[in-house]
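A short write-up of the structure that comes next.
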Amino acid sequence: MNLLRPFLAAVAAFLIWGFLPFYWKALKEINALEVLAYRIVMTFILLVVYQFFTNRNTLIKLFNTITLKKHVISSIFLASNWLIYVWGVVNNHIIECSLGYYLTPLVSVFLGGLIFKEQFSNIQKISIILATLSVVNIIVSLKIIPFIAIGLAFSFSMYSVFRKKSNLSSIDGLTVESFLLSIPFATYIFTYGSNLITISPTISFLLLFSGVVTATPLLLYVYSIRELPLSTVGMLQYIGPTLMFLIGLFYYKESFSLMYFLSFLIIWLAVILFTYESIKNR
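Residue numbers for the sequence shown follow this note's numbering, beginning at 18 and rising by one.
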């Protein structure tokens with residue numbers, strides 16, 4: 018089997034996610050809630066078009082009461098994750114956002130043990146302890162609570178918990194969730210949103226194009242995980258937060274103290290151990 022195409026698709030997906038801070042930064046004039054609203058509505062429209070041409074029979078069956086009810090909570094956690102991320106980026110917390118996405122796989126493992134009674138390996142236990150220490154170090158040494166990092170990690174991990182209970186594919190699930198979210202957020206756009214005619218053409222374009230930059234990496238990612246070993250995807254997933262970290266540090270010159278760096282060293286060690294364990298068990 019030729020794995021080059023799915024490998025390149027996975028790399029492209031994570032590169033897009035890694036460079037997205039530039040995109041959301043360009044929308045800093047717009048309220049983060051409005052950016053989220055456009056992101057959700059435009060993603061829903063794009064996914065419906067995609068599903069119509071690729072799997073229209075399934076598309077019709079998705080919007081039934083039972084399926085919609087099953088995805089209400091997961092859609093709320095998804096919207097929370099996107100809002101925290103966009104707000105964090107436009108308010109100069111890109112490095113902290115990257116920390117959140119480094120923490121996410123470890124928090125997911127922790128919640129898997131807590132909720133689904135999944136067993137931790139010794140290395141996973143060490144990784145979780147190290148991740149906790151990295152956050153504690155930030156709180157104690159810098160006298161701040163990294164709400165953005167914690168919020169991103171827990172909102173996406175809780176999203177994964179509730180999606181685990183669904184039998185829908187990633188694309189079908191996101192289509193349903195974006196539909197549920199589009200109802201209130203489309204109302205928000207029409208009631209409180211900016212006038213796309215009077216604001217900058219660039220801003221209008223970026224808002225309307227937000228569905229493309231959201232759905233495209235997801236479609237690439239879903240294609241790649243069908244073909245690639247999960248251990249490979251597991252290693253590639255850190256491209257995104259690493260790029261975010263570098264962008265925040267070197268391009269936007271966000272503050273980065275020695276103690277903050279120590280916390281990142283701890284979380285990087287946890288990630289290395291976690292990835293090693295994942296590869297070893299495949």
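Beta carbons are placed, not taken as given, at the ideal position from N, Cα and C, and that holds for glycine.
If V31 sits next to G265, beta carbons under 8 Å apart, how far is it from one beta carbon to the other, in whole angstroms?
As a first step, residue 31 is located in the sequence shown; it is residue number 14 there, counting from the start. As a first step, residue 265 is located in the sequence shown; it is residue number 248 there, counting from the start. Looking at the sequence itself, residue 31 is Phe, so the reference to Val does not match. Wrong, their Cβ atoms sit about 17 Å apart, outside the cutoff.
Relative to the alpha-carbon of K182, which residue among T82, F36 and F133 has its alpha-carbon at the smallest distance?
Taking the sequence shown and counting its residues from 1, one reaches residue 182 at position 165. Considering only alpha carbons, the answer is F133.
Which of helix, strand or coil does DSSP assign to N139?
Here residue 139 is taken as the residue at index 122 of the sequence shown, counted from 1. The DSSP-derived three-state label of N139 is helix.
Counting C-beta neighbours from all protein chains within 10 Å, is the total for E194 16 or more, i.e. buried, or is it exposed?
The residue given as residue 194 occupies position 177 in the sequence shown. So E194 ends up on the buried side.
Pull up the distance between the alpha-carbon of T208 and that of F273, whole angstroms please.
Within the sequence shown, the letter at position 191 stands for residue 208. Within the sequence shown, the letter at position 256 stands for residue 273. If you take the alpha carbons of T208 and F273, they lie about 40 Å apart.
CA-to-CA distance, L25 to S241, given in whole angstroms:
Residue 241 sits at position 224 when you count from the first residue of the sequence shown. Residue 25 sits at position 8 when you count from the first residue of the sequence shown. Rounded to the nearest angstrom, the two C-alpha atoms are 8 Å apart.
Below 6 Å CB to CB, which residues in the same chain sit around L116 once its five sequence neighbours on both sides are set aside?
One-based indexing of the sequence shown puts residue 116 at position 99. Only A166 meet the Cβ criterion.
What's the gap between the Cα of V288 and the Cα of I216?
Start at 1 with the first residue of the sequence shown, and residue 288 comes out as number 271. Start at 1 with the first residue of the sequence shown, and residue 216 comes out as number 199. Their Cα atoms are separated by approximately 43 Å.
Same chain only: Cβ atoms within 7 Å of A170, ignoring 5 sequence neighbours per side:
The residue labelled residue 170 in the question sits at position 153 within the sequence shown. So the qualifying residues of the chain are G117, L120, T121 and V124.
Using the three-state DSSP reduction, which class does K270 fall into: helix, strand or coil?
As a first step, residue 270 must be located in the sequence shown, where it is residue number 253. It is coil, neither helix nor strand.
Going by other Cβ atoms of all chains shown within 10 Å of its Cβ, with 16 needed for buried, is A43 buried or exposed?
Position 26 of the sequence shown, counting from 1, holds the residue named residue 43. Burial call: exposed.
Below 8 Å on the Cβ atoms is my contact criterion, and I expect A49 with V89 to pass it. Report the Cβ-Cβ distance as a whole number of Å.
For the purposes of this step, residue 49 is taken as residue 32 along the sequence shown, with counting starting at 1. For the purposes of this step, residue 89 is taken as residue 72 along the sequence shown, with counting starting at 1. Incorrect: roughly 22 Å between the Cβ atoms, too far for contact.
By alpha-carbon positions, which one of F179, L37, T149 and S280 ends up nearest to R56?
As a first step, residue 56 is located in the sequence shown; it is residue number 39 there, counting from the start. With distances taken between Cα atoms, R56 lies closest to L37.
Do you know how far the Cα of L128 is from the Cα of V178?
What you label residue 178 is simply residue 161 of the sequence shown in a count that begins at 1. What you label residue 128 is simply residue 111 of the sequence shown in a count that begins at 1. Using only the alpha carbons, I get a separation of about 8 Å.
As a quick exercise: from G35, V58, L95 and W99, pick the residue whose alpha carbon is nearest that of F226.
Along the sequence shown, one-based indexing puts residue 226 at 209. Among G35, V58, L95 and W99, the Cα nearest to that of F226 belongs to V58.
Taking F196 as the reference, which of T71, P23, E51 and L95 has the closest Cα?
By one-based count along the sequence shown, residue 196 stands at place 179. Nearest of T71, P23, E51 and L95 to F196, Cα basis: L95.
Under the three-state reduction of DSSP, which class applies to S211: helix, strand or coil?
Indexing the sequence shown from 1 puts residue 211 at position 194. S211 falls in the coil class under three-state DSSP.
Does V103 pass the burial test, meaning 16 or more other C-beta atoms within 10 Å, or should it be called exposed?
Residue 103 sits at position 86 when you count from the first residue of the sequence shown. So V103 ends up on the buried side.
At the level of alpha carbons, what is the spacing between K87 and T192?
Counting from one through the sequence shown, the residue named residue 87 turns up at place 70. Counting from one through the sequence shown, the residue named residue 192 turns up at place 175. Cα-Cα distance, rounded: 13 Å.
For F254, the nearest candidate out of L21, I47, R22 and I33 (CA to CA):
As a first step, residue 254 must be located in the sequence shown, where it is residue number 237. First, the residue type needs correcting, since residue 254 is Gln and not Phe in the sequence shown. Selected option, being the one with the closest Cα: I33.
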